[in-house]
Every structure is written in C-alpha cells, then in structure tokens.
Amino acid sequence: IGELRQPVWPAEVYGSISHCGATALAVVSRQPIGIDIEEIFSVQTARELTNNIITPAEHERLAECGLTFSLALTLAFSAKESAFKASKIQATQGFLDYQIISWNKQQIIIRLEDEQFAVHWQIKEKIVITLCQHD
C-alpha cells in the first residue's frame with residue numbers, strides 16, 4: 025500500500041480498485057486507469073456535498089444534463105474519482121481542480137491542467153460506475 029493508501033502495482037502495470045457496500049471492482053491495464061463505484065447520493069447528501077465536488081460552472085452543466093441533481097452529482101463525484109485515480113499528478117491536486125468540460129450519455133470529459141480524461145459511465149439500479157483509462 026502506498027503512502028496515499030493507494031494500491032501499489034508492479035512496474036508498467038496500472039490498476040484501480042473501488043468498493044461500495046458488498047460490491048468491489050478492480051481493473052488492470054498497461055495505461056493509467058481509474059474505476060469507481062458509488063451508491064447514488066440522497067437529496068440531502070447531494071446538497072451537503074455540492075460545493076466540495078463541483079464548481080458553479082459545473083453546477084450549470086449538471087443542471088442541463090437531464091438527470092436528477094442527486095444522480096448527476098453522484099456521477100460527477102465518481103467521474104472525478106476515476107480521473108483522479110488515472111491521473112499521474114493526483115497527489116498535488118484538489119477535487120475541484122478536476123473540471124467537467126462536457127457530458128453526454130456515454131462519457132464525461134474532465135480536464136486537469138494540460139490533461140484531459142474521458143470517463144465512461146453506467147448506472148445500475150442505485151449504483152453508479154465510472155471508468156477512466158488515460159493515455
């Protein structure tokens with residue numbers, strides 16, 4: 025286990041682990057990769073966490089995506105978590121530094137400084153799963 029509690033992988037192998045309740049996910053790749061699984065936030069939890077997860081500009085994008093705010097915020101959180109795990113500079117960046125720049129039914133595009141991440145997402149019942157493989 026690394027100093028940030030992250031898994032340590034063999035040289036030239038990247039991996040990511042996530043869990044939610046009784047479900048755990050793990051992926052490995054030859055490129056940086058991140059995976060996350062989250063239970064959809066309640067309305068109250070979404071309200072309490074909004075300012076820690078998204079900026080006002082991102083709030084506007086989420087309002088236009090056609091999903092309930094709780095679901096959209098959960099997806100935003102999970103997508104940023106997956107991008108964070110796939111990023112090579114994760115130790116120095118805050119969560120709000122990962123900016124959602126576009127969103128569609130298949131993926132969320134996130135920018136961090138010069139890096140751009142395509143995060144694929146899926147909803148299964150009350151669970152959100154996101155996956156980010158980064159070049």
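Take 25 as the starting number for the sequence shown in the working numbering and just add one per residue.
Backbone N, C-alpha and C fix where the C-beta goes; we use that ideal spot for every residue, glycine too.
- Residue pairing from DSSP places GLU139 in a beta bridge opposite LEU136.
- GLU27 has its alpha-carbon roughly 22 angstroms from the corresponding atom of ALA48.
- Of the residues PHE119, ALA35, ILE25, ALA50, the one whose Cα lies closest to the Cα of ILE61 is ALA50.
- In the structure shown, the three-state DSSP call for THR92 is coil.
- In the structure shown, LYS148 adopts extended strand secondary structure according to DSSP, grouped into three states.
- For TRP145, the closest alpha carbon among the candidates PHE93, LEU120, SER102, GLN123 is that of SER102.
- Each residue's CA atom was taken as its position, placing PRO31 and TYR38 some 10 angstroms apart.
- Distance from the Cα of GLN55 is smallest, within the candidate group CYS44, GLU36, LEU73, for GLU36.
- Here SER40 really is in contact with ILE57; their C-beta atoms are around 5 angstroms apart, less than 8 angstroms.
- In the structure shown, GLN68 falls within a helical segment according to DSSP collapsed to helix, strand and coil.
- The C-beta distance from ILE125 to ALA100 rounds to 12 angstroms, too long to fall under 8 angstroms, and the pair is not in contact.
- Under DSSP, the beta-bridge partners assigned to ILE41 are ALA50.
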